[in-house]
Amino acid sequence: MGKKSERMNRLIELLKEQESISIRKLSEMLNVSEMTIRRDLKSLEENDVINRGYGKATLKETPREDFKDENYELLSAKTKHNDEKERIGKYAATLVKPGDILILDTGSTTERIAKYIPDDMDLTVMCYNYNTLAYLVHKPYVNLIFPGGYYHPNGQFFESLHGIKLIEETRVTKMFLSVSGIHKTLGITCSNNYEVLTKRSAIQSARTRIIVADSSKFGKIRPAYFATLEDVDMIITDTGLSQEWQEYLERLGIELVMV
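When we follow full-length UniProt numbering, the leftmost residue of the sequence shown carries the number 1, and every step to the right adds one.
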C-alpha cells in the first residue's frame, strides 16, 4: 500500500477519534499541505465516506457499501454495521470456554470476540491480526500464538509460509471465521487473495468452524474464494438475515444463531 493510501487510512482513523476536525489541523497532524488534505477529502467525499463543510470534515456513520478503494477495507468495515458486529462478537465470546484452543481470523467482527473474552479466562488463542493481538496481550491468562510474517496494513493482517505451516501443525477446538461474502453457489469469499491460504489452513486445523458475519455479507461475492458452506459448522449473524437464507442454512445442517 502506497503513502497516499496509508495517509488516507490514518485520516479516517483521526476522523473516527475526533468526529469533526479542521483541514488545518489534519494538515498539521499528517505533515502534508492543506491542498493535499483537500484532495484526499474530496476523494473520500466522492466515495460517500465523509461529509465536508466550512473547512472541516466528519466521518459518515454508514459509509457506502461498495466503497471502491479496498485499501480502506478494514477501516471502512469497522464503521459499517457496528451495532450488529458488537452483538455478534459479544455472543461469540460466550461460546469460548476455559481450556479452549482458538483461532481468531482477521476481521472487524472477530476482533470484537477478543475484546469480550473474559480477562480471567485461561485459554490459548492463535491470531494473525494486529488489532486482535492488541486486545489479547492485555489478558494475562491467555496463552498467545502469533505466527507473524509480512504485514498488510489495509487489513492489519500478517501472513507468511512459516505462519501457514504453524497453523497447519496446530489443532484447535474452535475457529472463528471472518468473511466478506457468502454465496449459495460460489461459496465463501474474502477481498484479498493473500488471506486465502491462511484461512484454508485455519479451517482445516479446527474441530468446530464458526462464521461471525453480519447479514449484509449474505448473497455477496468477493474476489478471493477460500471455502464452501459445507466447511462450516455454525454461523452467528444478526436478526436481519432473510427467511430464505435461514431456510437454506437449515437445509445444509448449519447451526444458525441470530443476535
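Virtual Cβ for every residue (Gly too), placed ideally from N, Cα, C.
Only a predicted model underlies this, so the values are computations on that prediction, with no experimental measurement involved.
- State the DSSP-derived secondary structure class of I104, mapped to helix, strand or coil. The sequence given here places Leu at residue 104; Ile does not occur at that position. Strand.
- Under the three-state reduction of DSSP, which class applies to V212: helix, strand or coil? strand
- Query: Whose C-alpha, out of H183, T36, E13, is nearest the C-alpha of K4?
  - Reply: T36
- Task: Give the DSSP-derived three-state secondary structure of S242 in the structure shown.
- Result: coil
- 4-residue-minimum alpha helix (DSSP H) runs that sit fully inside the UniProt domain "HTH deoR-type" (4-59), ordered along the chain: 23-30, 34-46
- Counterpart residues of T237 in DSSP-defined beta bridges: M258
- Below 8 Å, can you find three or more Cβ-Cβ pairs linking the region 174-184 to the region 103-111? yes
- Query: If L229 and I210 are in contact, beta carbons under 8 Å, what's the gap, nearest whole angstrom?
  - Reply: That belief does not hold up - the Cβ atoms of L229 and I210 are roughly 13 Å apart, past 8 Å.
- Please list, in chain order, all residues of the same chain as Q18 whose beta carbon is under 6 Å from its beta carbon, the five residues on each side excluded. none
- Query: Which class does V172 belong to by DSSP, given the choice of helix, strand or coil?
  - Reply: strand
- Select from A93, F158, K56, K42 the residue whose C-alpha is nearest the C-alpha of K199. F158
- Message: Once the 5 residues before and after P118 are set aside, which same chain residues still bring their CB inside 6 Å of it?
- Response: none
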